[in-house]
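S.K.: For the sequence shown, this note's numbering gives the first residue as 43, with consecutive numbering after it.
Backbone N, C-alpha and C define an ideal beta-carbon position, used for all residues, glycine too.
I am attaching a structure below and will ask some questions about it afterwards.
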Amino acid sequence: MELKKSVDLTPQDLALLGEGDLGYIREIEVNEAKRLLGGQASVAPDSKLFCLYNADGTPVSISGSKEAAMGSAFEHELMPMSVH
């Protein structure tokens, strides 16, 4: 059996993997949504929100459901991945 060499990736290299192709969806708290939106949004304190991020961690959209976040990923031509 042939062993493959491992490759060391910097955090910057890792962030670039899938850039423009992959996105990830993560549930966020209301305070995080307000921070991302600049505090200008009125969000109910008990809202369940999902943020779509580009592979490099740049926020793309905030949605009220995981399904809507998945739809947003497809609209932005990103393959969505979930982060738990």
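So within the stretch 63–87, which uninterrupted beta strand (DSSP E) runs reach at least 3 residues, ignoring any that extend past its ends?
M.R.: Taking only runs of at least 3 residues, the beta strand (DSSP E) segments lying wholly in the stretch 63–87 are 64–70.
S.K.: Could you give the first and the last residue of the continuous alpha helix (DSSP H) run that contains S114?
M.R.: Counting from 1 along the sequence shown, the entry for residue 114 is found at position 72. Its alpha helix (DSSP H) spans residues 108–117.
S.K.: To the nearest whole angstrom, what separates the beta carbons of G65 and L120, a pair I think is in contact under 8 angstroms?
M.R.: Position 23 of the sequence shown, counted from the start, is the residue given in the question as residue 65. Position 78 of the sequence shown, counted from the start, is the residue given in the question as residue 120. Right, their Cβ atoms sit about 4 angstroms apart.
S.K.: State yes or no: is the C-beta of L91 within less than 8 angstroms of the C-beta of P122?
M.R.: On the sequence shown, position 49 is the one that residue 91 refers to. On the sequence shown, position 80 is the one that residue 122 refers to. Not in contact: L91 and P122 (Cβ atoms no closer than 8 angstroms).
S.K.: By how many angstroms is the C-alpha of D88 removed from the C-alpha of V102?
M.R.: Walking along the sequence shown from the start, residue 102 turns up at place 60. Walking along the sequence shown from the start, residue 88 turns up at place 46. Roughly 22 angstroms between the two C-alpha positions.
S.K.: Given a cut-off of 8 angstroms on the beta-carbon distance, is the pair A86 and A75 in contact?
M.R.: Within the sequence shown, residue 86 is the residue found at index 44, counting from 1. Within the sequence shown, residue 75 is the residue found at index 33, counting from 1. In this structure, A75 does not lie closer than 8 angstroms to A86 by Cβ.
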